[in-house]
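What follows is a single structure, written as structure tokens, with notes after it.
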Amino acid sequence: MPEIRSEASATPGSTARAAICWILASIVYLLAEALAASAFPHYSYATNDISGLGVPDVEMLGDRAIDSTLHVVMNIAFLVHGLLFASAAI
């Protein structure tokens with residue numbers, strides 16, 4: 200069977216840039232999540248949704264109040280995380 204080659208091979212530099220973007224994306228996300236969760240009254244990783252950390256207004260979800268005081272931090276982290284992942288894919 201003939202070998203199939205692709206012209207879209209990654210160069211060593213592009214692989215390193217992608218790895219750096221993925222690592223930075225993870226660090227940004229984890230730090231922002233920890234910071235936003237620490238400022239969220241009674242936030243529990245077991246029972247609260249991560250997306251609740253980005254809700255700008257106080258709302259009730261079932262029997263739980265969603266009150267993220269650092270929603271801006273979390274929303275910026277969601278955006279930066281997505282941009283870093285997208286740039287790693289290019």
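Just so we're on the same page, our numbering is the position in the sequence shown counted from 1, plus 199.
The beta carbon of each residue, even a glycine, is placed where N, CA and C say it ideally should be.
Please read all numbers here as calculations on a predicted model, not as lab measurements.
Backbone secondary structure at residue i - three-state DSSP
i: Leu260; result: strand
Straight-line Cα distance separating residue j from residue i
i: Ala236; j: Ile219; result: 25 angstroms
i: Trp215; j: Met259; result: It is Ala, not Trp, that sits at residue 215 in the sequence shown. So the two alpha carbons sit approximately 44 angstroms from each other.
i: Ala238; j: Thr268; result: 6 angstroms
i: Gly253; j: Leu234; result: 12 angstroms
Residue span of the alpha helix (DSSP H) that contains residue i, given as start and end
i: Val272; result: 270-288
i: Ile222; result: 211-238
Quiz item: Can at least three beta-carbon pairs, one atom from the region 259-269 and one from the region 277-287, be found at a separation below 8 angstroms?
Solution: no
Quiz item: Would you call the region 221-228 and the region 268-283 in contact, with 3 or more CB pairs under 8 angstroms?
Solution: Three or more beta-carbon pairs drawn from the region 221-228 and the region 268-283 are found closer than 8 angstroms, and the two stretches are therefore classed as touching.
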